[in-house]
Amino acid sequence: MPTPQENSLFVEQASCLFLRNVQDVSKNQQLKIMFLVTGATGALGRRIVREIRQQEKPVRAFVRLASRYSELENRGAEIFIGDLKQDKDIKKACQGVQYIISSHGTGGDVQAVHYRANIELIDCAKEAGVQHFVFLSVLGVDRGYEDSPVFKAKREVEKYLQNSGLNYTILRPAGFASSLLPLAERFRETGLYLLIGDGKNRTSVVSTDDLAKIAADSPTVEGARNQILPVGGPDVLTRDDIPRIFGRLFNREPTVINPPLVVFDGLRNALGLLNPQAQKDLGTLRVLLGNEYFCTPEQVQNLESIYGMRMESLESFLRRNLSV
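Given below as structure tokens:
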């Protein structure tokens with residue numbers, strides 16, 4: 001009969017073997033997970049890819065041939081070169097994918113890129129058996145702004161996704177903090193800040209890094225499943241708070257140039273006489289300049305509770321990214 005010491009050794013070896021098998025199964029399951037990120041070279045998309053790779057998960061980055069994607073490749077992302085205006089490219093990109101994060105949409109043809117490409121992406125996701133679809137929308141998309149083709153397109157995509165039968169998370173962010181980085185650099189050099197319209201309009205500028213983490217985590221966070229979530233920073237700011245923050249960062253008094261919206265409208269209308277399409281394209285900018293986009297403290301607290309994180313302030317984001 002085996003001695004007590006031999007029994008103890010056998011139990012220890014069996015336990016180690018069991019734990020190793022569990023770890024191998026877990027690792028194999030993780031390897032089966034594949035994210036697809038569209039808009040992967042944009043300010044948000046590349047941060048989403050970076051976040052996923054930092055979590056050591058595989059990700060396929062949908063990029064255009066003319067874009068700069070070497071950083072994504074160096075991080076270990078699988079590069080898929082394609083065109084979101086081509087259905088065959090979308091279908092091929094979705095093969096073998098479990099999670100899709102749609103973060104494309106800056107510029108381009110609104111009908112083709114913001115709307116039709118997302119509809120095709122949702123259809124292909126269903127066909128491919130995708131487990132979760134994350135759509136980056138925009139705060140205020142449900143207010144019915146007829147002058148903004150982008151807002152209208154995103155709202156229609158939201159409704160289509162909700163009725164698709166897919167598990168989804170729709171994120172409605174306020175303005176991206178990363179969009180202010182070039183303005184901050186210009187302020188550093190000149191001390192000037194252009195503020196068109198009412199400086200007292202409120203905003204909840206969101207750290208683009210926080211938004212990327214939220215997007216990357218959404219497929220596996222139970223509280224985010226089949227939810228529409230406003231996403232904003234922890235502080236409700238007025239638009240004229242932004243040059244004051246710049247002033248603190250660079251220790252200089254801001255010179256704010258503040259033309260009223262009527263000036264923008266006049267220039268837009270004049271442009272419309274020469275180029276009607278350009279006038280329509282400026283509709284989204286007009287909507288953004290003329291309205292408020294902010295999250296309530298309760299909405300931010302709910303977001304932090306769901307994702308187990310603290311949202312970063314605009315000033316903290318700028319200091320970190322500008323090294324000041």
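Per the UniProt record's numbering, the very first residue in the sequence shown carries number 1; after that it's consecutive. Backbone N, C-alpha and C fix where the C-beta goes; we use that ideal spot for every residue, glycine too.
Contact check, residue i vs residue j, beta carbons under 9 Å
i    : j    : result
S204 : A174 : yes
I33  : Y115 : no
P219 : R172 : no
T41  : R64  : yes
D209 : F317 : yes
G96  : A128 : yes
I101 : L161 : no
Straight-line Cα distance separating residue j from residue i
i    : j    : result
K200 : K159 : 32 Å
Y307 : L314 : 19 Å
E298 : S137 : 20 Å
I245 : S164 : 43 Å
F264 : L192 : 19 Å
Q131 : K57  : 16 Å
L72  : S148 : 32 Å
E253 : G247 : 6 Å
Endpoints, alpha helix (DSSP H) assigned at residue i
i    : result
L322 : L314 to L322
T190 : L181 to T190
I196 : Run containing I196: none; DSSP gives neither H nor E here.
Status (buried if at least 16 other CB within 10 Å, exposed otherwise) for residue i
i    : result
D109 : exposed
G45  : buried
A215 : buried
K126 : exposed
Delimiting residues of the beta strand (DSSP E) encompassing residue i
i    : result
A61  : V59 to V63
Q301 : Taken as a continuous stretch (DSSP letters only), Q301 belongs to no beta strand (DSSP E), being part of the alpha helix (DSSP H) at P297 to Y307.
S102 : Y99 to S102
R155 : Element bounds for R155: not the beta strand (DSSP E) but the alpha helix (DSSP H), P149 to Q162.
T38  : F35 to T38
L171 : Y168 to P173
- Task: Would you be able to state if there are at least three C-beta pairs under 8 Å between the region 234-246 and the region 267-280?
- Result: no
- Does the pairing of the region 166-186 with the region 307-324 give three or more beta-carbon distances under 8 Å? The region 166-186 makes contact with the region 307-324, as at least three CB pairs between them are under 8 Å.
- Do the region 274-294 and the region 184-201 touch if we need at least three Cβ pairs shorter than 8 Å? At 8 Å Cβ cutoff, the stretches touch.
- Does the region 146-154 come close enough to the region 120-127 to have 3 or more Cβ pairs within less than 8 Å? No, because fewer than three Cβ pairs between the region 146-154 and the region 120-127 fall closer than 8 Å, the two stretches do not touch.
- Query: Taking one C-beta from the region 47-55 and one from the region 81-89 each time, how about it: are there three or more such pairs within less than 8 Å?
  - Reply: no
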